Every structure is written in C-alpha cells, then in structure tokens.
Amino acid sequence: MHGIKFKLVVRMSLVCLAVLGFSISASGQDLFISNATILTGTGETIENGSILVRNGKIAQLGTNLSVPFGVEVIDAAGLYVMPGIIDAHSHLAASGINESTTQNSAMADISDAIVHDDYGMYRALAGGVTAIHTLHGSANVFGSKDEVLKLKWGRPWEEMLIPDNVEGLKMALGENVTRSETRYPISRLGQEYVIRSYFRQAQEYKRKWDEYEAKLAGEIPPANEFEQEFGPIPPRKDLRMETLKGVLEGKIRVHIHGYVNHEMAMAIRVLGEFGVAPTSFEHCLEGYMIADELAEAGTVASLFADSWNYKVEASRAIPFAAALLTERGVVVNIHSDSGERIRRLNLDAAKSLRYGEGMTETDAIRTVTLNSAIYLKLQHRMGTLEVGKDGDISVWDAHPLSVYSKCVKTIIEGVIYFDRDKALTTEKWLQGAKPTDKIIGGAK
Amino acid sequence: MRKITTLIAILLLIGAISAVGLAQQYAITNATIVTVTRGTIYNGTLIIEGEKIAAIGTSVPVPSGAEIIDGTGLFIFPGMIDPNTDLGLTEIGGVTQSQDQVEMGTYNTFIRASQGADPNTIMKGIARYNGITSVITVPRTSGQGVFAGHEVLFNMGGWTVDEMTDKDPVSMQMTFPSFGSGGARARGGGGRQPEQTAAQTQREDPRERAEQVLNTVKDLFENTKLYIKAQEDYAAKRSPAPPELDLTLEGLIPVVKGEIPLTITVSGVDNMREAIKFVKDTNVKAVFAGATDAFRIADELAEAGIPILYSQLLTTPGQNDPYDLYYAIPSILDKAGVKFAFSISGASGIQNLPFMAGMAAAYGLPKDAALKSVTIYPAEMYGVDDILGSLEVGKLANVVVTNGDMLEPATKVIHEFIRGAKVDLADNWQYQQYLKYLARPIKK
C-alpha cells in the first residue's frame, strides 16, 4: 500500500518535471555570458563582466561569477553586451496595417493579422532587436489595437507575446489621415472633432456600463419593476467603444501618430478633457517645439533619428530633437518604422550624441532600449540588464554605438535567436552556402 | 581731429592690406591629420592659404598672419563628396512643386543641372554640418528618357551658383535603356515622370528598343565628332561656315572629347553587360550608377575599369539573400578591384553618407577604403582629384576638423573650411531650430 503510493508520487513528480522541463524550453533557458564589456543601460558599465540567465530571466550580473553546472557558456571576450533593442514603432509581422475604410477602426486588432514568419523579423534580430511594437498604420484618426512581440523567430506567435503586456491603441493626425480626400476628415479641424466626438460617445458608453455594473453589484437600486424582477439589462456591446472605454479607464495605451507641433498640442488638450494623456506621439517631428507640454503630459516622444523633409509636415524635423527633449525631461525613444532602419537602430541611437549637447552614452543607448520599454509600460521586465529582468540581450563585436560594430548574437529569454556564426553571411554564401530555413532561422 | 587721424590711419591700413592682397591664412596645429592619400600625420599642422592647402606636416612653421586653431585632440579630414544627389533640385520630397530634377524629353544633352539648382537650398547647411563639402547634383530622365543632361560639381559654400560651382559640367547623366531581363530601370529620387501607355509597353520589344536607342546614341556621338571637326575647321578658316547650330550635339562635346565621364544609370547583370559593351564600343569614360547586382559581375567591371556609385547599402536583402548582403557588397567590389563611391540620391538623407561607408567597414571593407570611397575615389572617378578628395598641398582647402573618426555617427564636426573659407557650422537651419527651442523659457 505504502509502496504503491510512493511509486505514484514518484511518477507524478516525473510528469511534473517533464512538463516543467518542456515549459522551460519553450519560454526561457539558462545561459552564461562571460568576459564581456556589459553596457547595462542603467548607467553602469561592467568590464570583464558576466551574466547568468536562469529560466529566461537575468539571475546574476557582475564580475567573478561562476558558471553553474550544465549551463551553456558564451565566451564574450572582446565583445560588448547591451540590452536587446526594442523597436517602439514597427509594422513587421503584420499582414495588413491599415483598415482605412473608416475614420474609426478601434474595433480592429493588429493581433488578428500577425504573420509569425515574416522574415523581416529575422533581419531585425540580426540588428540586435529583441522586441517590436507592431502598430496599425496612420490612414485614419482611430487605428487599431497593437501588439508587442518578442522576436522568437521560428516559434509560434503565441510564444512571442508578452504575458503582462497592456494593450495599446494607435491613433493618427495630419497628412496621412487627410490624404484620403473622400472620407471625413480632410483637415486637422475635422480630426479634432472626430477625436472629441468619439471620446464623448465613449464617455456615454462607459457611463451606461458603469451604471449596469453598479446595479449588478447592488450599489444602485433597480430603475424599475422589470429590472427588479429580471435584473439590469446590459447596454449593447460596441467593440469600437470597448477600446475607447479602455483608454478612458487608463487600461489601454494611446500612441498617436503626430508630426506638427500644433496637432500634437491639440491632442494633448482634447484628450486632457477626457482625463487621458497620450502615451506617446509617434514620429513627433516637431515635438521639440512643445517639449514642456510633452513633459507635463508625461508623453513619450517616439522619434525618427534624422528622417525629414520627405513631405511638408516633415519639413521642420531636426535630428537635435532627441537631445533637446531629453534635456527638457521628456522620455525619448528612437524607432525605425521600417524594415530597413530596424536593422541599424544602434547607429540611429548614436546619432543623438552627434546632434546637440548633453546626451550621455547611456542616454543614447536608452533611446532604443529602456525608453522603449517605458513607452510600452514594460520597463519592469525589459530595457536594461538588471537582475530579475528578461534575459533579452544583444552581443556586439565592437561598441554598439560605433559604426564599425556588428551584432553577433541576439538572445531572448536566454535563447539565442540570431548567431552570426550560424547565419548565412555574404562571405559563406560566396563560398557556396545555400539559404536554408535552419540558417535563416538561426534558432536552435 | 584725433578721431579723423585715427580713421585715416585705419583706412590706410585697410587699403594697404587689400593692395598687397594678403590671402587669409589658417593654421590648424597639433592635430591628427588623416590625409587619405599620404597616410596619417600625428601632432601635425595644416596651413590653409587662400583657397588652398599650403602646407601639411609635423614641423611646419606657422605663418605670422595666420589665425591659429588649436587642433589638440582633434582630427583633420578632407571634406566628403556625395557624387550623385538631387541637392538643390529637390527641396521637399513629397511636394511636386519643389522638384526640378526631372525634365521631359529623351535626349536632353543640353540640360544643365547647375542652371536649375537653388544655391540657398536648406540641405546645404546640413551637408556642411556633417562634413560633406562637395556634391555632384544630377538631373534625371523621365519616362523612357536616355540623356538627362549635365551634372555639376558644387561645393557647399558660397552665396550663388557661380560661387558653388567647382566644375560644370562634371559629367553627363544617362539612363541606360533596359534590355528586358535584369529588372527595373534604376532611378533615384522622386520626380514627375510621364506615364507610358499600356499600348506603348506592350508594343515594344525591350531589346529591340534598347538597341535602337543605343544606335541613336552612337550616331549622336559620331555626329558630335563631326560637329567638333566642323567647328575646328571653321575656327582654323579651313571651312567657310560653322556647322549648323545643334544644342543636342553641343551638350555631348565634353563626353565625346573624353573630358567628362558619362554617368550611366543601369541595373541588373544583363543590362550592365550591355552597358560595358557600349562603353567599350564608344570609348567613353563611364561611371555606373544604380548598378544593382554589380557585385555579381565585379570581375567584368574591374576588367573594363568602370567604377560604380553604390547607393544600395541601406537596402533590406530578399528572403533568400544573406542577411548582410548590401552591407558586404562594398567589400566584394573592393576585393575585385572595382572602384566605387557611396552616394545617397535623396539629399534629405545626405547626412547618412559617412555612416554608409563606416557600416561597409564593419562588414569587411578595409577602413581606409571606406574613407576613400567618400573622398578620393569619387574625386578620381569624376576627374577632380587634382583639386579634391584628400589633404594634399595645392588642393582646395575643403577641410573638416572633427573630435573623432569622421565616419562615426557620434562624432562631431568642430571646424570646417570650404575653398579655404571658414564655414559657419551654425548656419544650418536645423541647428538654429535647436538653439531657438532650447532657449524657450521653461514653462512654469
């Protein structure tokens, strides 16, 4: 009797271990990186430093760490390590990005259009990027909900999601919205009205639902005999309004595509009427003109490093914006919005040291790491190399702010997803190597 | 009385100075001088006299009247050259009305880029700020156009087109007709292009048309030779009348005489092979622009001695290409002995020119070749290496003083000289915006 019970316990334990083991391999692994120059992103640089990643999380960081038994070691002697780059504005991995037939497509969700094997993701990994914020486009005032993906190339997309991510809504202002000419609005005047009218409706919608829930909870008495007998009648569900209600409740981030100063200032004022502050302005080319207003609203300036003058609303951008806004207390991130620029965001970050005064190396690195994490409200798990955060790490053969550097390894939660040694490089290709899924994937 | 005497004395002094014609002299001392062609000189002094470099070395005496610039800890480089740009011809990419790069017509040999260019373009100050002191401004063809016209070599100083012009024409821009396979006709920049009708595209066999075009071009070359001879005969009084005026042939005179190269925009292996044949047949000097896939026939290009303009560095490779293909192509070209220069056809991205060269160095191009590809190589390709492209005594003093490697994004240009004149680096609209909004009183 006792023996049988014991065997059962052992068997069950084994099953548990197996399940546990499986879940570890899917979500996070152990890895030890030794002898690196570690740019932690906190301001601290560790020479000859080591990082231990356990179950996908950074477990130890420092010098003189010992390698635990059985953990894979990357000897990073002569190499530089920094947090994985987070691109705060991307359209990679989405099969469609504009539901532009309507001025408000807030019912839509980019998560419904995710392409898990968009090879642009692998190209991005090769530039040290570990996570992307994939957004709806800028064709209409209210775009759709967004998605944040870790670039776990080769894995199903569900595994790329971040468990405690809050959702975000894309909105847009300016030329891209008015370009349609056949759909209201065709001016910035109409754009303000569209924003205000939908949020007024959302307030009304929220009021009805709050009232309904209060009645359910018995906080307000039933309105009539019918409600008394059958309970309160729920308001009609409206998926557009559900998203905007989430914004009003502070549960959904708001990312507003904005170029010129006055359209962004308008958005701050109008959303302010509803008790909402924009989480970020996307591209934010003239944000430097309203630095204090951005700082006051706590809105992140999500910038291009130096793209400008390709259209009228881009004609007053300055590459000095990162330095100016940082000095005025605005959180600044530098994004790609491009399958090409995403491959060299480290250099776009370095440009913030060229243009203007006051930026430190750490400030520059943060424009593509910690500040993007703050923007996504995921700084508790991403953006710096600190104990307890995700093991999302990029490894470089020279200082990553140097034009002469290249990414040699990109690691997400302790798993190597890009490895230059295994990747199909031009050099190997010229010697006859062929592209295969395995080489392109680079994953284990 | 004493005031008048002083005034007279001052006037006399000014008169004396201008009478002697003392050229402005500068001495940059104690700097690391990267000459590009004559090695690197440490703790060196560079003397500028008038428009030219007067002396370089470690034991160069500083002339008594020279303004001394302490170069301790600084680096001196020759100014960079973008040999293929729309600078001056396009202001805002998305605004048709600000684009003058493209003219209608097929054999526009008589067009002169210099005459449509705006010497006050906002891009000039930005190019200078980033160490680019020369550009070649290029007209482009429309539709099935073949010759776009004369390119001009501009310096980034001066108040007028005349003051900016260092050589006009410096090249003739030609779009090579497509022989069908080998992909699209390469074209940089935007611009208005009359659309061809569906009937037109269907009716014509590309190869047949391309051969017709090249026969026409060869006829034009032959006629130009006859035209030159007729002009010479008339000048030498061997004939009673000059040739009948033909501006199309006149535009080709410097090409036929071999005084300037033909910049041939051509893409794809098949088309480039045809273009190599064309260059051999016609015995013109040539530079290939666009030149996608040039690396696939690098040996053939090297053998033909045809240099190329490389503008694809910032291109995302296709799914089955090596992930670093466009970063590594310059190293392939360099190993094969193909001379190349980096270019960015759209002036609003001109600040990226040095970083393109630097990134190529990260992916296998020797660092000195990277530097040459934005300085002496373009100068050699366009036959202006007697005045530009390196720090050598007697060359134009286009001199860039930096606080680091000129190809690094984090490096700043500290001083700059164009044709010996000290550049006001603050004369950059973007920088002025930075200063203006930096000085905005902090909102209470």
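Protein chains in written order, with our numbering: chain A, -2 to 441; chain B, 652 to 1095. Glycine included, every Cβ here is placed at the ideal spot set by N, Cα and C. Just so it is clear, the structure is predicted and the values come from calculations on it, not from any experiment.
- By the neighbour-count criterion, in which a residue is buried when 16 or more other Cβ atoms sit within 10 angstroms of its Cβ, residue 254 of chain A is buried.
- Residue 975 of chain B belongs to the set of residues whose beta carbon lies under 7 Å from a beta carbon in chain A.
- Considering only beta carbons, the part of the stretch 1042 to 1063 of chain B lying closer than 7 Å to chain A consists of 1058, 1059, 1060, 1061, 1062, 1063, in chain order.
- Counting only runs of at least 3 residues, the stretch 268 to 302 of chain A fully encloses the following beta strand (DSSP E) elements, listed from N- to C-terminal order: 277 to 280, 297 to 300.
- A Cβ of chain B is located within less than 7 Å of the beta carbon of residue 348 of chain A.
- In this structure, the CA atom of residue 81 of chain A is about 49 Å from the CA atom of residue 755 of chain B.
- For residue 117 of chain A, the closest C-alpha among the options A:127, A:108, A:348 is that of A:127.
- In this structure residue 715 of chain B is exposed. Its beta-carbon is surrounded by fewer than 16 other beta-carbon atoms within 10 angstroms.
- Remark: C-beta atoms of residue 400 of chain A and residue 1006 of chain B approach each other more closely than 7 Å.
- Against chain B, the CB of residue 426 of chain A has a partner CB under 7 Å away; the residue lies at that interface.
- Contacts between residue 337 of chain A and chain B, judged by CB atoms closer than 8 Å, involve 965, 966, 967 in chain order.
- The CB of residue 403 of chain A comes closer than 9 Å to the CB of 975, 978, 1010, 1013, 1014 in chain B, given here in chain order.
- Within 10 angstroms of the beta-carbon of residue 856 of chain B lie fewer than 16 other beta-carbons, which makes it exposed.
- Two segments are said to touch when three or more pairs of C-beta atoms, one from each, lie closer than 8 Å; by this definition the stretch 911 to 919 of chain B touches the stretch 811 to 826 of chain B.
- In this structure, A:350 is the residue among A:202, A:350, A:114, A:357 with its C-alpha nearest to the C-alpha of residue 1063 of chain B.
- With respect to residue 34 of chain A, residue 77 of chain A sits close: the two C-beta atoms are nearer than 7 Å.
- When DSSP states are grouped into helix, strand and coil, residue 70 of chain A belongs to the strand group.
- Closer than 9 Å at the C-beta level to chain B, one finds these residues of the stretch 373 to 400 of chain A: 394, 395, 398, 399, 400.
- Rounded to the nearest angstrom, the Cβ distance from residue 683 of chain B to residue 719 of chain B is 17 Å, too far for a contact under 8 Å.
- With a threshold of 16 other beta carbon atoms within 10 Å, residue 330 of chain A meets it and is buried.
- Residue 369 of chain A sits close to residue 83 of chain A, with the two beta carbons spaced by under 7 Å.
- Beyond the five residues adjoining it in sequence on each side, residue 28 of chain A comes within less than 6 Å, by CB distance, of 50, 69, 411 in the same chain, given in chain order.
- In the DSSP annotation of this structure, the continuous segment of the alpha helix (DSSP H) that includes residue 1032 of chain B starts and ends at 1027 to 1032.
- Around residue 260 of chain A, no beta-carbon contact reaches into chain B at under 7 Å, the shortest distance being about 17 Å.
- When C-alpha distances from residue 943 of chain B are compared across B:1050, B:985, B:738, B:919, the shortest belongs to B:919.
- Taking the Cα positions, residue 749 of chain B is about 15 Å away from residue 788 of chain B.
- Residue 994 of chain B and residue 734 of chain B have their C-alpha atoms roughly 6 Å apart.
- Per DSSP, residue 1094 of chain B is not a residue of any beta strand (DSSP E), being assigned neither H nor E.
- Fully enclosed beta strand (DSSP E) runs of no fewer than 3 residues occupy 703 to 708, 718 to 721, 726 to 729, 731 to 736 of the stretch 699 to 776 of chain B, in order along the chain.
- The Cβ-Cβ distance between residue 1012 of chain B and residue 703 of chain B does not fall below 7 Å.
- Take the alpha-carbon of residue 827 of chain B and the one of residue 1016 of chain B: they are about 29 Å apart.
- Beta-bridge analysis with DSSP links residue 676 of chain B to B:700.
- Flagged as an interface residue toward chain B: residue 286 of chain A, by a C-beta distance shorter than 7 Å.
- At a cut-off of 7 Å between beta carbons, residue 315 of chain A contacts chain B.
- In the pairwise beta carbon analysis, the stretch 47 to 64 of chain A is classified as touching the stretch 406 to 422 of chain A: at least three pairs are separated by under 8 Å.
- Less than 7 Å separates the beta-carbon of residue 398 of chain A from that of residue 347 of chain A.
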